[in-house]
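To convert a position in the sequence shown, counted from 1, into this note's numbering, add 5. Note that the Cβ used here is the ideal one computed from N, Cα and C, for glycine as well. Keep in mind that this is a model prediction, so the values were computed, not measured. For reference, the structure discussed in these notes is given below.
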Amino acid sequence: MPEDRYASRNVLDEHALPLLVAVDAVVAGGGAAGVSAATNLARKGHRTLLIERYGFCGGGAVAGMSGTVCGLFLSSERHTNRPEQVVFGFADEFRARLASRGGLTEPQRYGKTWTVTHDPLVWRETADDFLTGAGVEILFHTQVVGVLRDGDTVRGLIVDTKSGLARIEARVVVDASGDADVVHRAGWATTRGRNGVMQNPTMIFRLGNVDVDRFLGYWGENTISPEHVVEALIAADNSGRYQLPRKKIWIFSTSRPNELLVNATRILGRDGRDLDVTDPADHTEAELVARHQVREYARFLKDRVPGCEDSFVNDTGVEVGIRQTRSVVGVKRLENADVVERRKHRDGVVRCPWPIELHSGAKPRVEWLLDDFYEIPYGTLVPETGENIIVAGRCLSAEHEALASARVTAQCFGYGHAAAVAADMVLRNAMRFRDVSGEDVRAALNAEGAGLD
Ligand SMILES: Cc1cc2nc3c(=O)[nH]c(=O)nc-3n(C[C@H](O)[C@H](O)[C@H](O)COP(=O)(O)OP(=O)(O)OC[C@H]3O[C@@H](n4cnc5c(N)ncnc54)[C@H](O)[C@@H]3O)c2cc1C
Numbered sequence: 006m007p008e009d010r011y012a013s014r015n016v017l018d019e020h021a022l023p024l025l026v027a028v029d030a031v032v033a034g035g036g037a038a039g040v041s042a043a044t045n046l047a048r049k050g051h052r053t054l055l056i057e058r059y060g061f062c063g064g065g066a067v068a069g070m071s072g073t074v075c076g077l078f079l080s081s082e083r084h085t086n087r088p089e090q091v092v093f094g095f096a097d098e099f100r101a102r103l104a105s106r107g108g109l110t111e112p113q114r115y116g117k118t119w120t121v122t123h124d125p126l127v128w129r130e131t132a133d134d135f136l137t138g139a140g141v142e143i144l145f146h147t148q149v150v151g152v153l154r155d156g157d158t159v160r161g162l163i164v165d166t167k168s169g170l171a172r173i174e175a176r177v178v179v180d181a182s183g184d185a186d187v188v189h190r191a192g193w194a195t196t197r198g199r200n201g202v203m204q205n206p207t208m209i210f211r212l213g214n215v216d217v218d219r220f221l222g223y224w225g226e227n228t229i230s231p232e233h234v235v236e237a238l239i240a241a242d243n244s245g246r247y248q249l250p251r252k253k254i255w256i257f258s259t260s261r262p263n264e265l266l267v268n269a270t271r272i273l274g275r276d277g278r279d280l281d282v283t284d285p286a287d288h289t290e291a292e293l294v295a296r297h298q299v300r301e302y303a304r305f306l307k308d309r310v311p312g313c314e315d316s317f318v319n320d321t322g323v324e325v326g327i328r329q330t331r332s333v334v335g336v337k338r339l340e341n342a343d344v345v346e347r348r349k350h351r352d353g354v355v356r357c358p359w360p361i362e363l364h365s366g367a368k369p370r371v372e373w374l375l376d377d378f379y380e381i382p383y384g385t386l387v388p389e390t391g392e393n394i395i396v397a398g399r400c401l402s403a404e405h406e407a408l409a410s411a412r413v414t415a416q417c418f419g420y421g422h423a424a425a426v427a428a429d430m431v432l433r434n435a436m437r438f439r440d441v442s443g444e445d446v447r448a449a450l451n452a453e454g455a456g457l458d
């Protein structure tokens, strides 16, 4: 395990560090889950601080330019031109605010379901609005590097800033880092994919100066590459003139004119090995390989795809997009069977209709959940070890394939909302997260528009 080369636990004398601030709640990470958790906590009157290592929120959706808000609509083989939305609450609130700012497309076909493409610049401004509107205190350019704790009880975080290290005290901590950084730095158990093999990263890019109508005439309305495109990719790769390791790719039109968003690359090590981006050497290799591969796919599109002849790469993700790193070991785990059997739970706090979309091996595997959804139980957000801490987002406790469904953006907004509701109960009633009833969380979420029943 590469992480064994690094110290996960604090090696600092935390008492020697200056106290920056003491708050009710601190949220580590400003991705979809963190923005939702912090906004909803502050709306309930708790003094809330959000810490984000970049200068903007959005995480995988913005820095990783994931591009679309997946997980809102049912999948179906019924011939319908109308998407059926089944996920509401904060995800729907954020969707509506993005749309009102002109930063969202109408639903587009994605295989047997639908998705909406967002503008990453509008996404981060929308997040700013939600956070500041709710009164959340924000520290950008601040990284969580340690945990304040007495035994198993979390008391706050240690952060690194441009001015040095400092302590933040908090009554509850929400680990929304995507990577379970807080749980890991506390030294508690996490898992990584299937026996350490995780889903491939992807560097997403945008292509400007495209004749989108001609492109759609060739490609079709479905954003997943049709058979004739897969064949063209195979032929181009086999010709030796391009390096195109992934043959099933997704392309979306965006809310901007003459632009496409391209989810095509499949990032492996130069020797073909799966990368583990919790290891900085692998993470660096992923960035280098990704930049090269973006140019290869852009060249293929320009040379071989109608409408793209005069195109150019106008943007890439700030970083290679990370689908999966650590998952916590929770008091409950989302099992693969929960997903494929579309199980509902009395303590279900988030709905998910998204397919298992597993980016591993030669082609992404997509397993549709037709005409139904499953629910994610509350206990998947509660780490098995540790008090005053809850996770929100893609680091929830889940089996490998289940996570390949449960990790998408609409659900991450939902986990953040659920974590905030549970944290409100912990703060008001001086109780432990593990003693909060998932059924009560569900009822409170319903009262706040989640539409779970
Ligand atoms: C290539 C790719 C394509 C995808 N495509 C789609 C798609 O089309 N539609 C969709 O809905 N989903 C898609 N996803 C999934 C989705 O984007 C993510 O799963 C989701 O955004 C995760 O949200 P999160 O809040 O859990 O975590 P993240 O988005 O990872 O957010 C974590 C945040 O915490 C910050 N952070 C991390 N560690 C620290 C630290 N130690 N200190 C301070 N800050 C920290 C990060 O900078 C980040 O802002 C895609 C993901 C990838 C990688």
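8 Å Cβ cutoff met for residue i and residue j
| i | j | result |
| --- | --- | --- |
| Thr120 | Thr85 | no |
| Ser402 | Cys357 | no |
| Asp180 | Ala33 | yes |
| His405 | Arg199 | yes |
| Arg460 | Gly192 | Nothing can be reported for residue 460, as the shown portion of the chain is limited to 6 through 458. |
| Ala2 | Arg331 | This structure cannot settle anything about residue 2, because the visible part of the chain is limited to 6 through 458. |
| Gly63 | Ser260 | no |
| Leu265 | Ile272 | no |
| Glu142 | Leu24 | no |
| Pro311 | Arg219 | yes |
| Val333 | Thr195 | yes |
| Gln329 | Gly76 | no |
| Thr44 | Phe135 | yes |
| Asn263 | Thr207 | no |
| Glu372 | Arg348 | no |
| Val355 | Gly443 | no |
| Ala42 | Ala452 | no |
| Ala132 | Gly35 | yes |
| Gly151 | Ala455 | no |
| Val31 | Pro125 | no |
| Leu55 | Leu170 | no |
| Val177 | Val16 | no |
| Asp281 | Met203 | yes |
| Ala37 | Thr414 | yes |
DSSP bridge partner residues for residue i (one or two, in chain order)
| i | result |
| --- | --- |
| Tyr115 | Thr118 |
| Gln148 | Asp165 |
| Tyr379 | Cys357 |
| Ala30 | Thr53, Val177 |
| Leu238 | Answer is none; Leu238 lacks a bridge partner. |
| Ala171 | Val164 |
| Trp255 | Ile229, Asn268 |
| Pro388 | Gly335 |
| Val371 | Glu362 |
| Leu153 | Gly161 |
| Leu221 | DSSP output for Leu221 lists no bridge partner at all. |
| Glu142 | Leu54 |
Proximity to residue i [Cα-Cα], best of the options
| i | options | result |
| --- | --- | --- |
| Val299 | Val235, Gly326, Pro311 | Gly326 |
| Gly335 | Gly353, Cys400, Asp377 | Cys400 |
| Thr499 | Ser182, Leu136, Lys117 | The shown model of the chain, from 6 to 458, leaves out residue 499, and the question about it has no answer. |
| Val323 | Gly60, Gly76, Asp315 | Gly60 |
| Asp18 | Pro206, Ile163, Ile361, Leu54 | Ile163 |
| His189 | Lys167, Ser168, Val149, Leu54 | Val149 |
| Leu363 | Val355, Ser258, Val67, Leu408 | Leu408 |
| Asp376 | Arg351, Leu293, Leu79, Ala295 | Leu79 |
| Ile394 | Ala132, His51, Ala139, Leu153 | Leu153 |
| Ala423 | Gly138, Val413, Tyr383, Gly454 | Tyr383 |
| Ala449 | Thr414, Asp352, Trp359, Ile361 | Asp352 |
| Leu374 | Arg83, Ala47, Arg10 | Arg83 |
| Gly277 | Arg251, Val217, Val28, Asp29 | Arg251 |
| Val187 | Trp128, Gly391, Ser316 | Gly391 |
Taking one C-beta from the region 199 to 217 and one from the region 294 to 306 each time, how about it: are there three or more such pairs within less than 8 Å? These segments touch.
Taking three-plus beta-carbon pairs below 8 Å as touching, is the region 145 to 158 in contact with the region 89 to 103? Between the region 145 to 158 and the region 89 to 103 there are fewer than three C-beta pairs closer than 8 Å, too few to call the two in contact.
Any chance you could list the alpha helix (DSSP H) runs of at least 4 consecutive residues sitting entirely within the region 67 to 138, in chain order? Here the runs fully enclosed are 95 to 105.
With three or more C-beta pairs closer than 8 Å as the rule, is the region 376 to 389 touching the region 419 to 432? Contact holds: three or more Cβ-Cβ distances are below 8 Å.
Are the region 366 to 382 and the region 430 to 439 touching, with three or more C-beta to C-beta distances below 8 Å? No, because fewer than three Cβ pairs between the region 366 to 382 and the region 430 to 439 fall closer than 8 Å, the two stretches do not touch.
Report the residue ranges of all beta strand (DSSP E) runs contained in full by the region 175 to 215; include only those spanning at least 3 residues, in chain order. The region 175 to 215 contains, as complete beta strand (DSSP E) runs of 3+ residues, the segments 210 to 213 (chain order).
When you compare the region 230 to 243 with the region 341 to 356, are there three or more beta-carbon pairs, one atom per stretch, that lie closer than 8 Å? No, because fewer than three Cβ pairs between the region 230 to 243 and the region 341 to 356 fall closer than 8 Å, the two stretches do not touch.
Determine, using beta-carbon pairs with one atom in the region 217 to 229 and one in the region 108 to 117, whether at least three such pairs fall under 8 Å. In short, these stretches touch, since the Cβ pair count reaches three.
Mind listing, in chain order, the continuous alpha helix (DSSP H) runs of no fewer than 4 residues lying wholly within the region 399 to 425? Runs of the alpha helix (DSSP H) inside the region 399 to 425: 405 to 411.
4-residue-minimum alpha helix (DSSP H) runs that sit fully inside the region 280 to 344, ordered along the chain: Listed in chain order, the complete alpha helix (DSSP H) runs (minimum 4 residues) inside the region 280 to 344 are 285 to 309.
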